[in-house]
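S.K.: If you scroll down you'll find the structure; I have some questions about it.
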Amino acid sequence: DPFQSTAGGMTLTEANTADSMLALSTPSSPAMKNRKYSPIILEEQERNTLDVKKIAAKRLKKCCSCTPTKAKDFFVDFFPAIRWFPKYKWKEWILGDIMSGLIVGILLVPQSIAYSLLAGQEPIYGLYTSFFACIIYFLMGTSKHISVGIFGVLCLMIGQVVDRELQFAGFDIYDDSNRTGQAEMFNQSAGACGRSCFAIRIGSTLTFMAGVYQVAMGIFQVGFISVYLSDSLLSGFATGASFTILTSQVKYLLGISIPRAHGPGSLVQTWVHIFKNIHTTNICDLVTSLVCLLILVPLKEINECYKSKLKAPIPGELLVVVFATLVSHYGHLNAKFNSTIAGNIPTGFMAPTSPDWSLIPRIAADALPISIIGFAITVSLSEMFAKKHGYTVRANQEMFAIGTCNIIPAFFHCFTTSAALAKTLVKESTGCRTQFSSIVTALVLLLVLLVIAPLFYSLQKCVLGVITIVNLRGALRKFLELPKMWKVSKVDTVIWFVTMLSSALISTELGLLIGVSFSVICVIARTQMPRATMLGHLEGTEIYEDLGRYKNLQKLSGVKIFRFEAPLYYANKESFKASLYKHVGVNPTLVIMAKKKAERKLIREMKQKVKVNACASMKTEATVQLSKQEFEFHTVIIDFSVIQFLDTAGIATVKEVSKDYKQIGIQILLSNCNALVIDSLRNGGYFENDNIHTLVFYSVHDAVMFASNVHQKNGDWEGSNLC
């Protein structure tokens, strides 16, 4: 669509259209020649000097003081449920919260069990994790809709650390060996800690450290870290991690035992192990996996296609789990076909234990990316649904909430949690109004923990693997959005690809680091090699736009207008000068060098005609002759509207450019400078010898009018001061 002007109803038609050129008037036209120019001058207000010491003392006093009212407000802010729950509208909200809580609870049971395997833990620990997260977030969360629980990407990262530490401790690297089940889990206090016991120690200690990091970030208000995790980066990271998750679950679908690969290239190593052991595939597990896929995928598609018509999504995972458990139990699949099953899932709760402090030096670094990803996902989902439903969330409180959801459950044999998009969408679509639905979900999980959990004894692990893989559909479908993303932003698409490939082919942790680093490099590159354009004038208006983009613009006689679309700092100062010289068509440095060379040549020629003692007069005469060189323009206006700031190198560059052009008789004027740029130029000595109002203008049009009027008044341009 054409860019519509607000002045005179004129239109800037883009250069790739077939519209004819318009006859334009310029500041040098007769109508504008007769116009008397008077510069616009804004007087700056006096700025009060900040007393940093006084302000710091005042803030410190405010932070350290404690009154009953302040203590009450702090407590209520820390536990938002105290504020909103007494105002709960039971008649209006209770049905929606109960319905959404029940449905999410039903969906969480099979997913919690399935994701436990991904985290390298026994199924019971996934149920513990979901249960405690629901209760704590109900008390501390500020979002009304998000569902906090197990998240696949975090489970994958936890599982990689768990397997690495298990191998370091001397346990068998094959997943299904050396597990003693319920007896081992409940004899931890007696010191009989086998593979399963040590695995949850690692997981809970890692979770504790992640929670500590999140709470510390909340205290020091360093949530800005999540700003560097853009949407394209997080999406690419999730998709890349999804390939690793899918690969890790293939062994359950095939019923084979392989070591879990670690370090860079683990995805490729895992596929090598799979193909080396594919001859040992358990046919019973393979057939069960195919049947479950044929059931679950269509049910997921039905839920997606008819979500507006269905009052509640079809609980496909629960139906598959119940059906598969019954078939496995009454068909004796474990005894007849050696199919791998979930085994004993104890009821009740285990006694709380503290994290293994001796593990912290080894896993502290691993907990940092887990904490950042968990916080970033939680805050982004909270803000997205808050904006959609017209309320606000407090990002800092969300950090405290998710951190507490990791610190306290770490003492109850849980692993890391965060918000989960799929379950949050289910909550929203089934009528959730407040976090009271989380209490309903917790009650469903409590029922399973106290009564129903042992009934899943015969559930095949391949069924849990299928559930995990089917839930990756959302992340893998991002490939379908790539054409649209490429059209909108090619840079974001490249960031997505780099993060996705590095997360999948190298490792999840390094993939995240590579993605963040590449994003920062892209930002730097876009400022280091920015777009630079020449501007033209639209007839009858004060509009100046890109000559390369629009057709019906005219170049001004005697004036060149240059726009540099980035901050001017040390990294792009050379790009600024090169772009300016290229677009203007005159490099003052080369002109000055050529003048000096021609001057020396002319003097040598004159020496041959006159005596040597007349050298001084010859030099003066040669300089006068060479100074008569003229250019097609007398002024260069630099549009600073897109230059947000200058550093010392940028200020020096502007001074250098202005000085060089002045030496060859061309004046530099600046327009559309913001207050920060003007302050930088003033402090850098740019206005030492000149009046600021003859060098800086509040619009391009004012600068053009000034240049045209002065040039007409003087008759020609000699490059002297405009004052």
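Okay, so the sequence shown: first residue is 1 according to the UniProt record's numbering, each after it adds one.
The C-beta atom is built at its ideal place from N, Cα and C for all residues, glycine as well.
The model shown is predicted, which means the values in this text are computed figures rather than measured ones.
Between F518, V559 and I283, which has its C-alpha nearest H537's C-alpha?
M.R.: In the sequence shown, the residue the question calls residue 537 occupies position 537. Residue V559 is the option with its Cα nearest to H537.
S.K.: Please report the distance separating the alpha-carbon of I469 from that of V297.
M.R.: As a working note, residue 469 is residue 469 in the sequence shown. As a working note, residue 297 is residue 297 in the sequence shown. Answer to the nearest angstrom: the Cα atoms are 10 Å apart.
S.K.: Within a Cβ cutoff of 6 Å, which residues of the same chain sit near A210, ignoring the five residues on either side of it in sequence?
M.R.: Your numbering for residue 210 matches position 210 in the sequence shown. Closer than 6 Å at the Cβ level, and outside the excluded window around A210, lie A367, I370, S371, N406 and T416.
S.K.: Are the CB atoms of I651 and S671 within a distance shorter than 8 Å?
M.R.: What you label residue 671 is simply residue 671 of the sequence shown in a count that begins at 1. What you label residue 651 is simply residue 651 of the sequence shown in a count that begins at 1. In this structure, I651 does not lie closer than 8 Å to S671 by Cβ.
S.K.: With a threshold of 16 other CB atoms inside 10 Å of the CB of residue 725, please say whether the residue is buried or exposed.
M.R.: Outside the displayed range of the chain (1 to 723) lies residue 725, so it cannot be described from this structure.
S.K.: Exposed or buried, Q712, counting other C-beta atoms within 10 Å across all chains shown (16 or more means buried)?
M.R.: Looking up residue 712 in the sequence shown gives position 712. Looking at its Cβ environment, which holds fewer than 16 other Cβ atoms inside 10 Å, Q712 is exposed.
S.K.: Mark K582 as exposed unless 16 or more other C-beta atoms lie within 10 angstroms of its C-beta, in which case mark it buried.
M.R.: As a first step, residue 582 must be located in the sequence shown, where it is residue number 582. Within a 10 Å sphere around the beta-carbon of K582 sit fewer than 16 other beta-carbons, which makes this residue exposed.
S.K.: Find out if the Cβ-Cβ distance for the pair I202, E165 is shorter than 8 Å.
M.R.: Within the sequence shown, the letter at position 202 stands for residue 202. Within the sequence shown, the letter at position 165 stands for residue 165. Yes, the Cβ-Cβ distance between I202 and E165 is below 8 Å.
S.K.: From I113 to S641, what distance separates their C-alpha atoms?
M.R.: Position 113 of the sequence shown, counted from the start, is the residue given in the question as residue 113. Position 641 of the sequence shown, counted from the start, is the residue given in the question as residue 641. Between I113 and S641, the C-alpha separation is close to 57 Å.
S.K.: Give the single residue among I592, I495 and P355 whose Cα lies nearest to the Cα of I666.
M.R.: For the purposes of this step, residue 666 is identified with residue 666 of the sequence shown, where counting begins at 1. Cα-wise, what sits closest to I666 is I592.
S.K.: Using a Cβ-Cβ cutoff of less than 8 Å, which residues in the same chain neighbour A456 once the five nearest sequence positions on both sides are dropped?
M.R.: Locating residue 456 in the sequence shown gives position 456, counting from the first residue. Checking the displayed sequence, the identity of residue 456 turns out to be Phe instead of Ala. Beyond the five residues adjoining it in sequence on each side, F456 comes within less than 8 Å, by CB distance, of I113, P123, V321, T325, A342 and I345 in the same chain, given in chain order.
S.K.: Using alpha carbons as the reference points, say which of L580, I302, Q663 and Q644 lies closest to residue 724.
M.R.: An answer regarding residue 724 cannot be provided, because it is not within the stretch 1 to 723 covered by the chain.
S.K.: On the DSSP bridge assignment, give the partners of K560 in chain order.
M.R.: Mapped onto the sequence shown, residue 560 falls at position 560. According to DSSP, K560 bridges with V636.
S.K.: Among E428, W90, P361 and L359, which one has its Cα closest to the Cα of K388?
M.R.: For the purposes of this step, residue 388 is identified with residue 388 of the sequence shown, where counting begins at 1. Minimum Cα distance to K388 is reached at E428.
S.K.: Buried or exposed: where does K336 fall if 16 or more other Cβ atoms within 10 Å of its Cβ makes it buried?
M.R.: Here residue 336 refers to the residue found at position 336 when the sequence shown is read from its first residue. Label assigned to K336: exposed.
S.K.: DSSP beta-bridge partners for L670?
M.R.: Your numbering for residue 670 matches position 670 in the sequence shown. Note: L670 sits in a beta bridge opposite I638 and V696.
S.K.: Quick check on the DSSP output: the beta strand (DSSP E) that includes H145 runs from which residue to which?
M.R.: For the purposes of this step, residue 145 is taken as residue 145 along the sequence shown, with counting starting at 1. H145 -> no beta strand (DSSP E), and no H or E assigned at all.
S.K.: Within its chain, find whatever has a CB closer than 6 Å to the CB of S458; leave out the 5 residues flanking it on each side and keep chain order.
M.R.: Here residue 458 refers to the residue found at position 458 of the sequence shown. Hits under 6 Å: T325, S328, H329 and I341.
S.K.: Return the chain-ordered list of same chain residues with a C-beta closer than 7 Å to the C-beta of V448, the five sequence neighbours on each side being excluded.
M.R.: As a working mapping, residue 448 is identified with position 448 in the sequence shown. Closer than 7 Å at the Cβ level, and outside the excluded window around V448, lie V109 and L127.
S.K.: Using the C-alpha atoms, what's the distance from H145 back to S437?
M.R.: As a first step, residue 437 is located in the sequence shown; it is residue number 437 there, counting from the start. As a first step, residue 145 is located in the sequence shown; it is residue number 145 there, counting from the start. The alpha-carbon atoms of S437 and H145 are separated by roughly 9 Å.
S.K.: Spell out a yes or no on whether the region 232-242 and the region 493-500 are touching, meaning 3 or more CB-CB pairs, one atom from each, closer than 8 Å.
M.R.: Under the 8 Å Cβ criterion, the region 232-242 counts as touching the region 493-500, having at least three qualifying pairs.
S.K.: Just tell me which of C305, E574, I561 and E539 has its CA closest to the CA of N552.
M.R.: Taking the first residue of the sequence shown as 1, we reach residue 552 at position 552. Taking only the C-alpha atoms, the option nearest N552 is E539.
S.K.: Please confirm if the region 281-290 is in contact with the region 301-309, defined as three or more CB-CB distances below 8 Å between the two stretches.
M.R.: Three or more beta-carbon pairs separated by less than 8 Å are not found between the region 281-290 and the region 301-309, which leaves the two stretches without contact.
S.K.: Rounding to the nearest angstrom, what Cα-Cα distance links L535 and K54 in this structure?
M.R.: The residue given as residue 535 occupies position 535 in the sequence shown. The residue given as residue 54 occupies position 54 in the sequence shown. Roughly 48 Å between the two C-alpha positions.
S.K.: Across which residues does DSSP place I341 in a beta bridge pair?
M.R.: Locating residue 341 in the sequence shown gives position 341, where the first residue counts as 1. Answer by DSSP bridge pairing, in chain order: Q460.
S.K.: Going by DSSP in three states, residue 725 sits in which element: helix, strand or coil?
M.R.: There is simply no residue 725 to check, as the chain begins at 1 and stops at 723 in what is shown.
S.K.: Just the Cα atoms here: how many angstroms apart are P567 and R531?
M.R.: In the sequence shown, the residue the question calls residue 567 occupies position 567. In the sequence shown, the residue the question calls residue 531 occupies position 531. Near 11 Å, if we compare the C-alpha coordinates of R531 and P567.
S.K.: Given L524, which residues of its chain have a CB within under 8 Å of its CB, disregarding the five upstream and five downstream residues?
M.R.: Counting from 1 along the sequence shown, the entry for residue 524 is found at position 524. The sequence given here has Ile at residue 524, not Leu. A571.
S.K.: Can you list, in chain order, the residues of its chain with a C-beta nearer than 7 Å to that of T392? Leave out the 5 residues immediately preceding and following it.
M.R.: Looking up residue 392 in the sequence shown gives position 392. A386.
S.K.: Tell me, to the nearest whole angstrom, how far the beta carbon of E398 is from that of G141; I am working on the premise that it is less than 8 Å.
M.R.: Position 398 of the sequence shown, counted from the first residue, corresponds to residue 398. Position 141 of the sequence shown, counted from the first residue, corresponds to residue 141. E398 to G141, Cβ: 7 Å. Contact.
S.K.: Taking K478 as the reference, give the member of I360, I219, F243 and C64 with the closest Cα.
M.R.: Taking the sequence shown and counting its residues from 1, one reaches residue 478 at position 478. Among I360, I219, F243 and C64, the Cα nearest to that of K478 is on F243.
S.K.: One question on the structure: do G431 and I402 come within less than 8 Å of each other, judged by their Cβ atoms?
M.R.: Counting from one through the sequence shown, the residue named residue 431 turns up at place 431. Counting from one through the sequence shown, the residue named residue 402 turns up at place 402. Going by C-beta atoms, G431 is not nearer than 8 Å to I402.
S.K.: With distance defined between alpha-carbon atoms, name the residue in D163, A442 and I506 nearest to L139.
M.R.: The sequence position of residue 139 within the sequence shown is 139, counting from 1. The residue with the shortest Cα to Cα distance from L139 is A442.
S.K.: If you run the structure through DSSP and keep just helix, strand and coil, what is D492?
M.R.: Residue mapping note: residue 492 aligns to position 492 of the sequence shown, counting from 1. Residue state for D492 is assigned as helix, using DSSP reduced to three classes.
S.K.: Kindly indicate which three-state DSSP category S711 falls into: helix, strand or coil?
M.R.: Mapped onto the sequence shown, residue 711 falls at position 711. Looking at the sequence shown, residue 711 is not Ser but His. Note: H711 maps to helix in three-state DSSP.
S.K.: Taking 8 Å as the threshold (C-beta atoms), are V677 and F697 in contact?
M.R.: Start at 1 with the first residue of the sequence shown, and residue 697 comes out as number 697. Start at 1 with the first residue of the sequence shown, and residue 677 comes out as number 677. No, they are not a contact pair.
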